[in-house]
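Be aware that the sequence shown starts at 36, since it is given in this note's numbering, and climbs by one per residue.
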Amino acid sequence: MRSSFARVVGLMIVSVAPVSLTTRHPSVPADRLVAEMVPPPRFGDVRFDTYIPDPNQPGQAAAVVRLERFAAGLNGDGAKRRWFRREQAAGPSGIYLDGGYGVGKTHLLASLWHASPGPKSLCTFVELTNLVGALGFRRTVEALSGHRLLCIDEFELDDPGDTVLVSTLLGKLADAGVKLAATSNTLPDKLGEGRFAAQDFMREIQGLSARFEALRIDGEDYRHRGLPAAPAPVAEDMVTAAAEAAPDGAALDDFPALLAHLATVHPSRYGAMLDGITGVFWRGVHPVEDQGTALRLVVLADRMYDRELPVVASGVPFDELFTEELLGGGYRKKYLRAISRLVSMARDGAERIPAPR
């Protein structure tokens, strides 16, 4: 077995060993946080016409039509003076996409971003709160108030403090004429109960609720629609072999050490920690019991998913990653989203496993 991946450069043989994420402590300047508020690579090329609505869920096709009209309103507003925008802008200041996991809300949100004029930004709720932490509230308002559109993915309804902070921020931006769009997840056991998540969203954003129009998008998780079951974890030595046989940019880590390392890096820097990484390989995945650790892992899984990184892992399967106690708590929807995304990445990673000899 090779101890590293060998590639030919000109007439030289260069050995490239896997890297370890535990050795990375990136420093991310605040201006990079703003510059990177764009659709991640996974959604870099999506458009409304690449979204495939489920024919059994008419709300999906209806959402496309409504969002296209919302984008058209923004495009028709380009020649107007900024001070006049609030007077002439038709329709609501914001659109909220309410639905379960994997129904394509992020695809639609990114499509809206692509179809709209700039300046504009797209980020997750966590990334927006991280921006406020890095810049301060006033500078964040100044940085974003000149935007035409701000899209917020995965709006968190389970953190009252951050939700009130962002609600206040969005109020300032809406008053400045910025159009808003947001998504969040309905808990799986609440699907079918009408507008549960939308009602929560409207309550949490307080005075902003009248500015948002809620669109309900039902359906099953596309990441698992018609696909085989998630691949089972592989033996530890197979994880090592797969990482060593992978192209440049493989990250090989022991899962316990990685979890400990995440506690030393601010979640706003997890994306930078993955710079140059092309595949993730974990040895010894085990159930996570501590909530702080689990929430950091959720952020890492989101950044990995954004970058379309395949995952190969040994240990417990990903549907056993979080304990029943955690899944029964207030952050349930975050953990279920992380499981869904890790399972999807594990399917991609199955192609990285060397064939037995």
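Virtual Cβ for every residue (Gly too), placed ideally from N, Cα, C. All figures in this text were calculated on a predicted structure; none of them were measured in a lab.
Asked, Found
"Residues that Arg-251 bridges to, as DSSP identifies them", "Asp-133"
"Between the CA atoms of Tyr-370 and Val-63 - distance to the nearest angstrom", "26 Å"
"Cβ distance (whole Å) where Val-315 is taken to contact Val-346 below 8 Å", "5 Å"
"Any 3 or more C-beta pairs closer than 8 Å across the stretch 84 to 94 and the stretch 246 to 254", "yes"
"Reference Leu-344, options Thr-175, Gly-311, Arg-372, closest by Cα", "Gly-311"
"Whole-angstrom distance between Val-69 and Phe-78, CA atom to CA atom", "18 Å"
"Minimum C-alpha distance to Cys-158 - residue among Ile-374, Gly-306, Val-100", "Gly-306"
"Exposure label - Gly-327; buried when at least 16 CB within 10 Å", "exposed"
"Spatial distance of Ala-381 from Leu-356 (CA atoms)", "13 Å"
"Cβ-based burial, Val-269 [other Cβ within 10 Å; buried from 16]", "buried"
"Ile-312 in three-state terms, based on DSSP", "coil"
"Alpha-carbon spacing of Glu-359 relative to Val-320, whole angstroms", "16 Å"
"Which of helix, strand or coil DSSP assigns to Leu-287", "strand"
"Validate contact between the stretch 178 to 187 and the stretch 208 to 215 using beta carbons, cut 8 Å, 3 pairs", "yes"
"Cβ-Cβ distance between Thr-164 and Asp-188 below 8 Å", "no"
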